[in-house]
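Everything below concerns the one structure shown next.
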Amino acid sequence: MDNAMKKEVLEKAREAGVKFVRLQFTDIFGVLKNVAITVEQLGKALDGELMFDGSSIHGFTRIEESDMYLRPDPSTFVVFPWRPREGAVARLICDIYNPDGTPFQGDPRYALKKVLAEAKEMGYTMNVGPECEFFLFQVDQNGRPTTTTHDKAGYFDMTPVDMGENARRYMVLTLEEMGFEIEASHHEVAPGQHEIDFKYSDALDVADKIMTFKFVVRTIAQRHGLHATFMPKPIFGINGSGMHMNQSLFTLDGENAFYDPSTPDQLSETARYYIGGLIKHARAFAALTNSNVNSYKRLVPGYEAPCYVAWSLANRSSLIRIPAKRGMSTRVELRNPDPSCNPYLAIAAALKAGLDGIKNKIAPPAPTERNIYHMSVEDRDLEGIVSLPASLQEAIQELQANPVISSVLGDHILKNFVSGKQAEWDEFRTAVHQWEINKYLTLY
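Going by full-length UniProt numbering, the final residue of the sequence shown carries number 444, and the count climbs one at a time with no gaps.
Structure representation (structure tokens):
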């Protein structure tokens with residue numbers, strides 16, 4: 001880090017009265033971790049001299065190779081708007097390095113940077129605009145989260161029906177204080193379900209922002225006596241939470257590479273090949289966009305979540321939709337990701353799939369404008385429409401069988417991610433669930 005950047009961060013910390021700094025990073029399963037330091041150690045941290053024990057983070061390193069270095073990204077310095085009595089708290093997002101100064105292969109942020117570098121070599125930068133949904137639930141008298149919603153509101157409803165409006169307003173104000181440009185904030189379809197959308201930005205910045213977003217939403221919910229969850233499907237029978245991922249490629253001179261006014265739908269050849277790549281690899285990257293057992297309870301017919309691998313210009317039952325705006329706003333909306341995913345890996349996998357489409361000129365099938373949920377199996381077969389994986393186990397098998405998407409992770413993340421997710425699946429598979437008790441206890 002050059003001295004000017006270091007000096008700027010130290011100056012900002014001094015002006016804000018910062019006493020503690022959280023050095024944040026994300027593990028391979030998308031869980032935010034942090035090492036707290038006092039402001040007196042900030043200079044040392046900015047020089048990349050702070051070490052932590054990587055063996056204590058699941059999937060990072062073995063005990064015998066545990067020393068890891070945190071290198072803060074100075075552009076991510078921000079002071080949290082909530083202020084404890086003893087002084088302000090700031091954060092920096094860090095990259096993880098080995099003791100020999102090389103990037104740590106198990107760092108999800110590095111995995112995304114590698115695919116972004118590949119895109120740049122091909123002449124592109126990537127923009128992403130996420131649509132993050134979440135539920136706000138009440139807590140019990142002991143402060144434990146319940147699945148009792150705080151309201152009975154519906155899509156776009158306002159107070160007094162929507163009791164979470166107050167908490168959501170504070171979330172928006174807090175995020176704006178932290179540099180987010182909020183585009184929309186509203187109640188979603190299900191009771192207790194909310195969505196806050198922030199402006200698209202370059203892919204790495206957005207991945208960082210998604211992690212910050214989740215942290216802020218949980219913190220503000222807690223301060224309002226509520227529990228915020230990004231679990232994809234917390235309640236059976238109502239809509240789950242998605243994180244639609246709007247994505248576009250721009251040329252290095254700032255033009256939208258997906259826009260071509262000369263074609264009937266104004267989509268460029270690049271956009272078509274990108275869509276072709278997404279469709280070809282969708283079953284493999286599902287393990288990263290929908291990365292836990294519960295994710296697959298959301299991806300079922302009837303709740304606005306996609307189950308089938310198809311694309312369209314307007315059809316919301318398809319995996320990929322092309323929003324109507326053109327020009328600089330031309331983009332591809334991938335609808336299966338959910339907010340429990342690791343955003344670094346999910347974005348990297350989607351980009352890698354799209355780039356593979358461009359490199360190998362993978363033409364997409366014809367767009368599907370019919371409601372796919374209402375099509376018969378025979379109709380879907382005739383149009384070549386396959387399903388997304390139906391379970392985490394199936395998704396992991398698809399990931400392992402796909403060398404293009406596996407390469408996004410590299411050997412280290414792939415091995416640890418797969419073993420961790422297989423253990424999660426086995427735990428779920430062998431547990432006895434309440435449904436089984438209700439179904440079989442008196443029947444047999």
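All C-beta atoms in this analysis are idealised placements derived from N, C-alpha and C, irrespective of residue type, glycine included.
Residues sharing a beta bridge with residue i, DSSP
| i | result |
| --- | --- |
| A88 | V18 |
| Y124 | T251 |
| Q24 | N34, I93 |
| G129 | N246 |
| residue 454 | Examination of residue 454 is not possible in this model, given that the chain is present from 1 through 444 alone. |
| P103 | Y97 |
Cβ distance (whole Å) where residue i is taken to contact residue j below 8 Å
| i | j | result |
| --- | --- | --- |
| M211 | P337 | Wrong, their Cβ atoms sit about 14 Å apart, outside the cutoff. |
| R298 | V386 | Contact flag wrong, Cβ pair sits at about 18 Å. |
| V79 | V18 | 6 Å |
| K415 | L392 | Their Cβ separation, rounded to whole angstroms, is 17 Å, which puts K415 and L392 out of contact at 8 Å. |
| I358 | G237 | I358 to G237, Cβ: 41 Å. No contact. |
| H412 | G101 | Their Cβ separation, rounded to whole angstroms, is 17 Å, which puts H412 and G101 out of contact at 8 Å. |
| R380 | Y303 | The pair is not a contact, with the Cβ atoms about 19 Å apart (cut-off 8 Å). |
| G48 | R83 | Between R83 and G48 the Cβ distance is about 28 Å, and since that is not below 8 Å, they are no contact. |
Residue i versus residue j: straight-line alpha-carbon distance, rounded
| i | j | result |
| --- | --- | --- |
| G87 | Y200 | 32 Å |
| G327 | P261 | 8 Å |
| T147 | E424 | 22 Å |
| V89 | R272 | 46 Å |
| R22 | R370 | 49 Å |
| M122 | A353 | 14 Å |
| Y170 | S75 | 24 Å |
| V216 | V206 | 15 Å |
| I322 | L249 | 14 Å |
| Y296 | N402 | 20 Å |
| E118 | V432 | 45 Å |
| V172 | Y344 | 23 Å |
| A184 | D140 | 30 Å |
| Y155 | E195 | Its pLDDT being 45, under 50, Y155 is placed unreliably by the model, and the measurement read from it follows with that caveat. Taking the straight line from one Cα to the other gives about 10 Å. |
| P389 | N292 | 12 Å |
| V115 | V404 | 11 Å |
| R168 | V377 | 42 Å |
| G192 | G164 | 7 Å |
| E188 | N98 | 43 Å |
| V161 | A190 | Residue placement at V161 is poorly supported in this model, since its pLDDT is 47, which falls under 50; the coordinates still yield a value, given next. Distance between the alpha carbons of V161 and A190 is about 13 Å. |
| Y373 | I279 | 18 Å |
| P103 | K214 | 26 Å |
CB contact below 8 Å: residue i versus chain C
| i | result |
| --- | --- |
| T251 | Checking the listed chains, one finds no chain C in this structure; it contains a single protein chain. |
Does the stretch 339-351 come into contact with the stretch 19-33, if we say contact requires no fewer than three beta-carbon pairs (one atom in each stretch) closer than 8 Å? The stretch 339-351 makes contact with the stretch 19-33: 3 or more CB pairs, one atom from each, lie closer than 8 Å.
Taking three-plus beta-carbon pairs below 8 Å as touching, is the stretch 177-194 in contact with the stretch 309-319? No, the stretch 177-194 does not touch the stretch 309-319.
Contained alpha helix (DSSP H) runs [length at least 4] in the stretch 317-394, N- to C-terminal order: Listed in chain order, the complete alpha helix (DSSP H) runs (minimum 4 residues) inside the stretch 317-394 are 343-359, 377-382.
Tell me whether the stretch 396-410 and the stretch 277-293 touch, counting them as touching only if at least three CB pairs, one residue from each stretch, are closer than 8 Å. The stretch 396-410 is in contact with the stretch 277-293.
My parser needs the alpha helix (DSSP H) runs of 4 or more residues fully inside the stretch 195-279; what are they? Fully contained in the stretch 195-279 are the following alpha helix (DSSP H) runs of length 4 or more, in chain order: 203-223.
Is the number of C-beta pairs between the stretch 123-138 and the stretch 220-238 that are closer than 8 Å three or more? Enough Cβ pairs lie closer than 8 Å, so yes.
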